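Top line first, the protein sequences correspond to chains Y and D. Okay, so the first sequence: first residue is 28 according to my numbering, each after it adds one. Okay, so the second sequence: first residue is 30 according to my numbering, each after it adds one. Every residue, glycine too, gets a C-beta built ideally from N, C-alpha and C. All figures in this text were calculated on a predicted structure; none of them were measured in a lab.
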Amino acid sequence: MNSQQPVSKPSGPKPWYDPRVRALVFQALALAAVFWAGWVLIDNTLANMESRGISTGFGFLDQSAGFGIIMHLIPYDATMSYGRTFWVGLLNTLLVSFLGIVAATILGFLLGVARLSSNWLVARLALVYIEVIRNIPLLLQIFFWYFAVLRNLPAPRQSLELAGLAFLNNRGLYLPDPVAQEGAGALFAICLLAVVAVVVLRIWAKRRQRATGRIFPTFRVGLAILVLVPALGYLATGAPIAWDVPELRGFNYRGGLTLIPELAALWVALSLYTAAFIAEIVRSGILSVSKGQTEASKALGLPNGLTLRLVVIPQAMRVIIPPLTSQYLNLTKNSSLATAIGYPDLVAVFMGTTLNQTGQAVEVVAMTMAVYLSISLFISLLMNLYNRAVAIKER
Amino acid sequence: MIKTRWIAVGAALVIGAITSASATAATTLENIKKKGHVQCGVTTGLPGFSQPDEKGNWTGLDVDTCRAVAAAVFGDAKAVEFTPLTAKERFTALQSGEIDVLSRNTTWTLTRDASLGLNFTGVNYYDGQGFLVSKELGVSDAKDLDGATVCIQSGTTTELNLADYFRAKGMEFTPIVFDTSEQTVQGFSSGRCDVLTSDRSQLAALRSKLPDPNSAVILPNIISKEPLGPVVRQGDDEWFNIVKWVLFVQINAEELGVTSANVDDMKKSDNPSVKRLLGTDGDMGAKLGLAADFGYHIIKQVGNYGEMYDRNVGPGTPLDLERGLNALWSDGGIMYAPPVR
Numbered sequence: 028m029n030s031q032q033p034v035s036k037p038s039g040p041k042p043w044y045d046p047r048v049r050a051l052v053f054q055a056l057a058l059a060a061v062f063w064a065g066w067v068l069i070d071n072t073l074a075n076m077e078s079r080g081i082s083t084g085f086g087f088l089d090q091s092a093g094f095g096i097i098m099h100l101i102p103y104d105a106t107m108s109y110g111r112t113f114w115v116g117l118l119n120t121l122l123v124s125f126l127g128i129v130a131a132t133i134l135g136f137l138l139g140v141a142r143l144s145s146n147w148l149v150a151r152l153a154l155v156y157i158e159v160i161r162n163i164p165l166l167l168q169i170f171f172w173y174f175a176v177l178r179n180l181p182a183p184r185q186s187l188e189l190a191g192l193a194f195l196n197n198r199g200l201y202l203p204d205p206v207a208q209e210g211a212g213a214l215f216a217i218c219l220l221a222v223v224a225v226v227v228l229r230i231w232a233k234r235r236q237r238a239t240g241r242i243f244p245t246f247r248v249g250l251a252i253l254v255l256v257p258a259l260g261y262l263a264t265g266a267p268i269a270w271d272v273p274e275l276r277g278f279n280y281r282g283g284l285t286l287i288p289e290l291a292a293l294w295v296a297l298s299l300y301t302a303a304f305i306a307e308i309v310r311s312g313i314l315s316v317s318k319g320q321t322e323a324s325k326a327l328g329l330p331n332g333l334t335l336r337l338v339v340i341p342q343a344m345r346v347i348i349p350p351l352t353s354q355y356l357n358l359t360k361n362s363s364l365a366t367a368i369g370y371p372d373l374v375a376v377f378m379g380t381t382l383n384q385t386g387q388a389v390e391v392v393a394m395t396m397a398v399y400l401s402i403s404l405f406i407s408l409l410m411n412l413y414n415r416a417v418a419i420k421e422r
Numbered sequence: 030m031i032k033t034r035w036i037a038v039g040a041a042l043v044i045g046a047i048t049s050a051s052a053t054a055a056t057t058l059e060n061i062k063k064k065g066h067v068q069c070g071v072t073t074g075l076p077g078f079s080q081p082d083e084k085g086n087w088t089g090l091d092v093d094t095c096r097a098v099a100a101a102v103f104g105d106a107k108a109v110e111f112t113p114l115t116a117k118e119r120f121t122a123l124q125s126g127e128i129d130v131l132s133r134n135t136t137w138t139l140t141r142d143a144s145l146g147l148n149f150t151g152v153n154y155y156d157g158q159g160f161l162v163s164k165e166l167g168v169s170d171a172k173d174l175d176g177a178t179v180c181i182q183s184g185t186t187t188e189l190n191l192a193d194y195f196r197a198k199g200m201e202f203t204p205i206v207f208d209t210s211e212q213t214v215q216g217f218s219s220g221r222c223d224v225l226t227s228d229r230s231q232l233a234a235l236r237s238k239l240p241d242p243n244s245a246v247i248l249p250n251i252i253s254k255e256p257l258g259p260v261v262r263q264g265d266d267e268w269f270n271i272v273k274w275v276l277f278v279q280i281n282a283e284e285l286g287v288t289s290a291n292v293d294d295m296k297k298s299d300n301p302s303v304k305r306l307l308g309t310d311g312d313m314g315a316k317l318g319l320a321a322d323f324g325y326h327i328i329k330q331v332g333n334y335g336e337m338y339d340r341n342v343g344p345g346t347p348l349d350l351e352r353g354l355n356a357l358w359s360d361g362g363i364m365y366a367p368p369v370r
C-alpha cells in the first residue's frame, strides 16, 4: 500500500496507520476489556451474594467437617477441618488417576501392538476390544463394573478366601498389611541398595557393549538381584515385617489393607476405556514409522522384538506422545465420575458433601476447578518435557 | 492484524453481553404471577413426600405443600411445576432463582437458615434420624452397630448426625456416600452396606421400595431432630410470609375442623375464626398480597394438614406412619400454628 503512495513525511505513516502500533493498541484494549469483564463478574458476584445474605470467604476451611469419609490416604476423622477434606479428596483423585494412567498405558501399548500383529486372531481380538470399549460411554462402563460385577461378589461371611490371608467379598478385597518391626529400616536400605546396584549394572553393561560389542544379560541378572538381595536381607535382618491379617469381626473384615469396590470399579473402567484410545494412538504411531526402517532393521538381522523395541517404538514415540498426553488429561478429568458410584474423590467429597454442608458454592467450585486445571497443566508439563527428550533433534 | 481485530470484536461482544444482562429486580410474587406458575423444587423420587406416578403426576406431602402455595396464589392447585433435585443441588437451585420454593425433605438447621441466604418457612413434618437394618443381622438396637458399613445420601444432615452419633458412642463405622436415595437403597439391598440411615419417614418410604420389605427392620433409636419444611430465598419478606402462612392456614383448618369435603358448607359458618380463614370476613388475603379467599382455595383443592398427612404418609398408605409428633398440639402432637387474625 505504502509503496504506491509517495511518503509525505520522513517519519513514516501516521501512528493510526502503522500496523504495529494498531496491533499493540488493540491488544492492550482487548486485555483491558478482559480484566474489566473479570472484575465486573467477581465484583457483581460478591455484591449479589452479600445482598442476599450468603456468607462468603474461605474461613469455612478451618471449621470442623463432622462427616466420615470411607477412604483416606492421610489420617482423617470427623473432627478434622473442611480444609482437610479437600486434601483427602484430592489425594483420592490423584491415586485413582495415577493407577489408571499406569494401567491404561501398559494395556494400551500391548493392544496397539497386538492390533498390528501378523497373527490374524490376535489382531482381530484387539480390534474387537478397541471398537467395543471405546464406543460405550464411560459412565455406563463404571456402572457395569460396580453394579453388575463387583456387587455380585459374595457377602462378607461367605467371602472367597486365599490361604486365610486374602479375602474377597462385595465390600472389597482385604489383604494382609505389612507392619514394620525393629530392623525394617535396615531392610529398606538393603532394598534401596539393590535398586541402585541394578542401575549401576545397566550403565556399566551399556558402556561395555558400546566399547566391546559384547552383550551382558542385564535383564536376567538385574531381576535376580532385585529378588534375591531383598529376600536374603529379609532373613538377615531377622524378618522385621509382621503381617496384619484381616479377620472377620462383627459385620466386616477388619485390619489389613482394603481395596474398596468403588475404587476397583473406577480404576478398571477408567483403565480399560482409556487403553482403547491409547491403543489406537500407539497403532498410528507405529504406522507412521516408514516401512524402510523395519526392513533395514531386519536386513541387519535384528529379531522382531528388538526391531520393535530399538527401531520402531523410539521413532513412533514422537507421534504418540502429544495425543497420549491428552488421553492422560482425559483420564484424570474422567475420574470425577467417581461421584456416581460413591468413590470419595475430590468432586464427591469436597464439591459434594463439603459444598453442601457449608453452602459455599462459589469458593468450593472455584477451588475444585483450580485443582483440576493445575493437575492437567502439571501432566502436560511432564509430558512436554518427555516429548522434548524424544522429539527429532534438528542437527 | 486479523487476529487482533477479532479479539477486539470478541471483547466488545462480551462487554455488550454483560452490560445488557443487568437484571431488573422484581419481587418473587410478581415473577410468579407473570410466568403463571410456581416453580417448586422436590426430591428425585421419595414415596410419600414427592414422587411422580406412572403418568408423571407428582404426589406426596412436599408436593401438596407446593400445590397449596399455588392454590393460594392462583386459586389453582395445578399451577405448579416441579423441579426434581438431589440433596446436593437443592440450595443452589433456590439461591440462583431456578425455583421459587424448595419443598424437599429439608432439615431446618441454624447454618442453613443463617448462612445460605435462605429462610425456612415452617415445619411440615417433624422427623428424626433412624437406622434400617437387614433382619438377618439380628441387630435390635443401634448400639450394636459398631464396625458396620453404612449407606447414606450425600449432602444431608444425616451424614453429620451419623458421624456425631458413632463418635459419641465410641464406635466405628464405614460410610458409603451416594448421590440419590435410590442408590442408597440399591447399595443396601445388594449388601454393599449393613445399615441404611436417613430420616425415619424416609426409611419407611425406602423400605417399601425394597424387593422384600419384610427382610428389613427400622431400629427403634432416634438419633436426631429433623424438622422438615419448605424453604424460600432470604430478602423477599412478602413471598416468605405467603409460603409461611399457607402451611399455617392448613394447620388452622384442621384445628377448626375445616376439610376439603365440608369447606363449601363451612363458608356459611358463623364461627369468626372460620370466616377469617376462608375469607368471608376480614381482609386476611390482602395483607399477604393474595385474594381474600386464598384460604378457601387451599382447603378446597389440597385440604387441611391432616388430610394432606393421611393421604400421603398416614396409616393405610405404603408408608403407614402414625401421626406421633405431627399430630395437632391439641391431640398430643406439636403441630401448632399462630392464629389467623
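With a Cβ-Cβ cutoff of 8 Å, do residue i and residue j count as a contact?
i	j	result
residue 112 (chain D)	residue 258 (chain D)	no
residue 102 (chain D)	residue 307 (chain D)	no
residue 93 (chain D)	residue 295 (chain D)	no
residue 131 (chain Y)	residue 108 (chain Y)	no
residue 161 (chain Y)	residue 153 (chain Y)	no
residue 90 (chain D)	residue 261 (chain D)	no
residue 192 (chain D)	residue 95 (chain Y)	yes
residue 249 (chain Y)	residue 219 (chain Y)	no
residue 333 (chain D)	residue 283 (chain D)	yes
residue 181 (chain D)	residue 226 (chain D)	yes
residue 327 (chain D)	residue 58 (chain D)	no
residue 157 (chain D)	residue 251 (chain D)	yes
residue 273 (chain Y)	residue 355 (chain Y)	no
Which residue marks the beginning of the beta strand (DSSP E) containing residue i, and which one marks its end?
i	result
residue 70 (chain D)	67–71
residue 255 (chain D)	255–257
residue 82 (chain D)	That residue, residue 82 (chain D), is in no beta strand (DSSP E); it is neither H nor E in DSSP.
residue 189 (chain Y)	187–189
residue 180 (chain D)	177–182
residue 199 (chain Y)	199–202
residue 274 (chain Y)	274–276
residue 270 (chain Y)	268–271
Where do the ends of the alpha helix (DSSP H) carrying residue i lie?
i	result
residue 215 (chain Y)	211–239
residue 119 (chain D)	119–124
residue 310 (chain D)	First-last for residue 310 (chain D): undefined, no H or E at that position.
residue 48 (chain Y)	46–78
residue 178 (chain Y)	That residue, residue 178 (chain Y), is in no alpha helix (DSSP H); it is neither H nor E in DSSP.
residue 308 (chain Y)	288–315
residue 218 (chain D)	210–218
residue 91 (chain D)	90–103
residue 372 (chain Y)	Per DSSP, residue 372 (chain Y) belongs to no alpha helix (DSSP H) and is neither H nor E.
residue 109 (chain Y)	109–142
Can you name, in chain order, every residue of its own chain whose Cβ lies under 8 Å from the Cβ of residue i, other than the five neighbours on each side?
i	result
residue 100 (chain Y)	115, 118, 119, 122
residue 50 (chain D)	Because the pLDDT at residue 50 (chain D) is just 42, under 50, the model does not fix this residue reliably, and the point stays unresolved.
residue 236 (chain D)	161, 242, 245, 247
residue 432 (chain Y)	Lying before the first or after the last residue shown, residue 432 (chain Y) is absent from chain Y, which here runs from 28 to 422.
residue 287 (chain Y)	97, 98, 198, 199, 370
residue 213 (chain Y)	260, 264, 267
residue 43 (chain Y)	49
Sorted by chain position, which residues of the same chain lie with C-beta nearer than 6 Å to residue i's C-beta, five sequence neighbours on each side aside?
i	result
residue 374 (chain Y)	363, 366
residue 31 (chain D)	For residue 31 (chain D), the pLDDT reaches just 47, beneath the cut-off of 50, and the residue's location in the model is therefore unreliable, although a value from the coordinates is still provided. Closer than 6 Å at the Cβ level, and outside the excluded window around residue 31 (chain D), lies no residue.
residue 64 (chain D)	none
Which residues in the same chain have their Cβ closer than 7 Å to the Cβ of residue i, if we skip the five residues on either side of it in sequence?
i	result
residue 146 (chain D)	124, 262, 263
residue 269 (chain Y)	206, 208
Point to revise | Contact set between the stretch 366–379 of chain Y and chain D, restricted to residues whose Cβ is under 9 Å from the partner | key: 366, 367, 368, 369, 371, 375, 376, 378, 379
Practice item. Can you give me, in chain order, the residues of the stretch 116–128 of chain D that have a beta carbon less than 8 Å from any beta carbon in chain Y? Key: 116, 117, 120, 121, 124
Check your understanding: What are the residues of the stretch 104–120 of chain Y that lie near chain D, defined by any Cβ-Cβ distance shorter than 9 Å?
Key -> 104, 105, 106
Point to revise | Those runs of the beta strand (DSSP E) which lie wholly inside the stretch 127–173 of chain D and span at least 3 residues | key: 147–149, 154–156, 158–163
Review point. Can you list, in chain order, the residues of the stretch 253–286 of chain D whose Cβ is nearer than 9 Å to any Cβ on chain Y?
Key: 262, 263, 264
Point to revise | Contact list for the stretch 183–201 of chain Y against chain D, Cβ threshold 8 Å | key: 197, 198
Exercise for review: Could you tell me which uninterrupted alpha helix (DSSP H) segments, each at least 4 residues in length, are contained entirely in the stretch 309–362 of chain D, listed from first to last along the chain?
Suggested key: 313–317, 323–330, 334–341
Check your understanding: Along the stretch 378–409 of chain Y, what residues have a CB closer than 9 Å to any CB found in chain A?
Key -> Structure shown: chain A not included; protein chains present are Y and D.
Point to revise | Interface residues of the stretch 268–283 of chain Y facing chain D [CB-CB below 7 Å] | key: 276, 277, 278, 279, 281
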